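Here the structure is laid out as structure tokens; the discussion comes afterwards.
In the working numbering, the protein residues as written are -5 to 241.
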């Protein structure tokens, strides 16, 4: 069997090699986060692109594997966690928000994974959820991709707002009007002042605005997913009890 087809060495499957490269790119991004913002954003973006490539190559080359699936999911969680930790270090006033987002992300995905294993599902992606939003999220790859990308983009935008050199690219607004931020919000997050410009809207800010709906949708889906998974685990235990009594 050739290297680009299904063979016995799962560690060297092409999608798994892409997964290793993704881990390395994420670690490098975090390593230079406080010294080279351009390299950080580029490396993290490369890591995120690899997240799309590994799945495509796995299906194209028939090199799907349990190792690859777990590697992909764990890397997703750790990369997002690492980025949120960087945001918390850059903006200490956001550390509680970052921690809450990490908790929700990890709780929802691991609860769903264990619930899927308990009921014998082949994937943690809940396409049969009672929630139409979750069904839409997992049933439409483009929509799910937009929401996932939106989270990463929004976190990167918040990180980038710390560095003036990343906020210098401005999109002109109609009439040449600038933007103003309410003083209360500016006091809460001084970085918002860099999201504004007298001549227009910084490109990073535009990315953040476009990502906001997807980010909010993803957090709602995470919460619904967590609640549904918890209900499934409870139902699984209740279903086991009569069987145990019969023994």
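From the three backbone atoms N, C-alpha and C, an ideal C-beta is built for every residue, glycine too. Quick caveat, the model's predicted, so the values are computed rather than measured.
*contact_flag[the stretch -2 to 8, the stretch 54 to 72] where n(CB pairs < 8 Å) is 3 or more*: yes
*Is the stretch 129 to 142 touching the stretch 20 to 37 in the sense that three or more CB pairs, one from each, lie closer than 8 Å?*
no
*residue 186 (DSSP reduced to helix, strand or coil)*: In this predicted model, residue 186 has a pLDDT of only 48, less than 50, meaning its place in the structure is not dependable enough to derive any value.
*Report yes if the C-beta distance between residue 106 and residue 222 is below 9 Å; otherwise report no.*
yes
*asked:* Extract the residue ranges of the alpha helix (DSSP H) inside the stretch 56 to 131, only unbroken runs of 4 or more that lie entirely within it.
replied: 60 to 84, 89 to 113
_7 Å CB neighbourhood of residue 71 in its chain, flanking five on each side removed_ = 99, 100, 103
_For residue 142 and residue 95, I'd like the C-alpha separation in whole angstroms._
14 Å
*C-alpha distance - residue 125 paired with residue 220, whole-angstrom precision*: 12 Å
*So, is residue 3 buried or exposed, given that buried needs 16 or more other C-beta atoms within 10 angstroms?*
exposed
*Between the C-alpha atoms of residue 18 and residue 232, what's the straight-line distance to the nearest angstrom?*
43 Å
*asked:* Could you compute how far the alpha carbon of residue 111 sits from the alpha carbon of residue 157?
replied: 44 Å
*Which one of 65, 21, 224 has the shortest CA to CA distance from residue 11?*
65
*To which residues of the same chain is residue 209 closer than 7 Å at the C-beta, ignoring the five residues directly before and after it?*
144, 145, 148
*Of all the CB atoms in chain B, is at least one closer than 9 Å to the CB of residue 153?*
The structure shown contains no chain B, having only a single protein chain.
_Boundaries (first-last residue) of the alpha helix (DSSP H) holding residue 17_ = 8 to 25
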